[in-house]
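Numbering (the numbering used here), first residue to last: 1 to 312.
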């Protein structure tokens, strides 16, 4: 781990020296279409990127992130969806480099949790007028994550949602795909131990969030990506009709519930066990299985955010 400057010093270095590197996933929903525009807008703001990298083969993403970081930028600008940005978070965690986020995906949960503008011009302007903040890093066993670990229907949805459907419909592609899977899905029993208390529930879908958004909609207004806490919550219950109603509600209204009034479990560390054992979707990658220990590392990642972001 490199020695970190203060956040004020880091912000000043970005504004003064303009040392940035750019990596854009051109396989993301808007990456290929906007690659040239991103570079042009950065030049207009006085940035002369040390590296300008388009990712055409997703298997090379990690290698190319390392290539960009080798130029020793103060700000690593990454464009893509939540999966791309989650990989970038793992690369910059605990390092003296800030992550600049270009929301070019379908749901853009990470960008929403940071309070970033979702339009390209607005997001790029943050690199010029914003500040460096540090946010929480989630850990699922030894795997870092930015947004969410999920279990149940969504794991199947992640594997079956069609890329063309995401391109055409955007966020609604996920709940619509879920509706095709749900009739044959069996509920599972989950046991969550947090802060010494054990919680049991029967459900079709369980999420454990570090960020504030899921599927592009707010989970609850009082969740934060910078409060040192994880939040576990179920969608619906063990009854398919309840989950169907919850899925339709989120697809059509994006309604939120307050932590004080919903079925949430909050803690700095959680042990999740399920019956039967289940695969985990961690920021879009299915690599772990329950039981899983999840925890939060406060202020584990530096990011560039709007000046209005509340940095705790």
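We treat Cβ as the ideally placed atom computed from N, Cα and C, and that holds for glycine.
Quiz item: Taking the alpha helix (DSSP H) that residue 126 falls in, what are its first and last residues?
Solution: 120-129
**Message:** Between residue 133 and residue 7, how many whole angstroms is the CB-CB distance? I'm expecting something under 8 Å.
**Reply:** 7 Å
request  = State yes or no: is the C-beta of residue 282 within less than 8 Å of the C-beta of residue 143?
outcome  = yes
Hey, is residue 219's beta-carbon within less than 8 Å of any beta-carbon in chain E? The structure shown contains no chain E, having only a single protein chain.
* Asked: Out of curiosity, what's the CA-to-CA distance linking residue 72 and residue 25?
  -> 20 Å
Nearest-angstrom Cα separation, counted from residue 152 out to residue 311:
33 Å
| Short check: CB of residue 294 to CB of residue 149, under 8 Å? | yes
Inter-residue CB distance, residue 209 and residue 270 (contact presumed, cutoff 8 Å)
Contact doesn't hold; Cβ gap of about 11 Å is too wide.
- Say whether the stretch 87-106 touches the stretch 39-53, bearing in mind that this needs 3 or more beta-carbon pairs closer than 8 Å, one atom from each stretch. no
Cβ-based neighbour list, residue 98, same chain, cut-off 8 Å, excluding 5 preceding and 5 following: 10, 14, 74, 75, 76, 92, 132, 302, 303, 304
Exercise for the section: Note down the Cα distance separating residue 66 from residue 126, rounded to an integer number of angstroms. Expected result: 24 Å
| query | How far does the alpha helix (DSSP H) with residue 113 in it reach, from first residue to last? | reply | 109-113
- Query: Candidates 211, 195, 227, 235: which alpha carbon is nearest residue 202's?
  - Reply: 235
Segments of 4+ residues assigned as alpha helix (DSSP H) that fall wholly inside the stretch 50-106:
61-69, 82-92
* Same chain only: Cβ atoms within 7 Å of residue 275, ignoring 5 sequence neighbours per side -> 188, 189
**Asked** Where does residue 38 sit, in a helix, a strand or coil, going by DSSP?
**Response** helix
Exercise for review: Determine the direct distance from the alpha carbon of residue 95 to that of residue 37, and round the result to whole angstroms.
Suggested key: 29 Å
### Query
Taking all protein chains shown into account, do 16 or more other C-beta atoms lie within 10 angstroms of the C-beta of residue 44, making it buried, or fewer, making it exposed?
exposed
message = Based on DSSP bridge pairs, tell me the residues matched to residue 155.
response = BP columns for residue 155 are empty, so no partner.
task: Could you tell me the distance, in whole angstroms, from the CA atom of residue 256 to the CA atom of residue 219?
output: Since pLDDT at residue 256 reaches only 48, below the 50 mark, its modelled position is unreliable, and no value is offered.
Practice problem: Tell whether a beta-carbon distance below 8 Å holds between residue 267 and residue 194. | Solution: yes
- Please check the pair residue 68 and residue 23, which I expect to be a contact at CB under 8 Å, by giving their CB distance rounded to whole angstroms. 5 Å
**Report entry** Cβ-Cβ separation, residue 114 to residue 225 (assumed contact under 8 Å), whole Å
**Finding:** 7 Å
Can you name the start and end residues of the alpha helix (DSSP H) that residue 14 belongs to?
7-17
Check: Whose CA, out of 146, 204, 59, 123, lies closest to the CA of residue 230?
Finding: 146
Under a Cβ-count criterion, where at least 16 other Cβ atoms within 10 Å of its own Cβ denotes burial, should residue 118 be classed as buried or exposed? exposed
Exercise. Residue 298 to residue 27, Cα distance in whole Å?
Worked result: 32 Å
(message) Short of 6 Å in beta carbon distance, which residues of its chain neighbour residue 1, apart from the five on each side in sequence? Order them along the chain.
(response) Since pLDDT at residue 1 reaches only 49, below the 50 mark, its modelled position is unreliable, and the value read off the structure follows with that caveat. So the qualifying residues of the chain are 94.
- residue 18: which of 123, 42, 110, 80 sits nearest, CA to CA? 42
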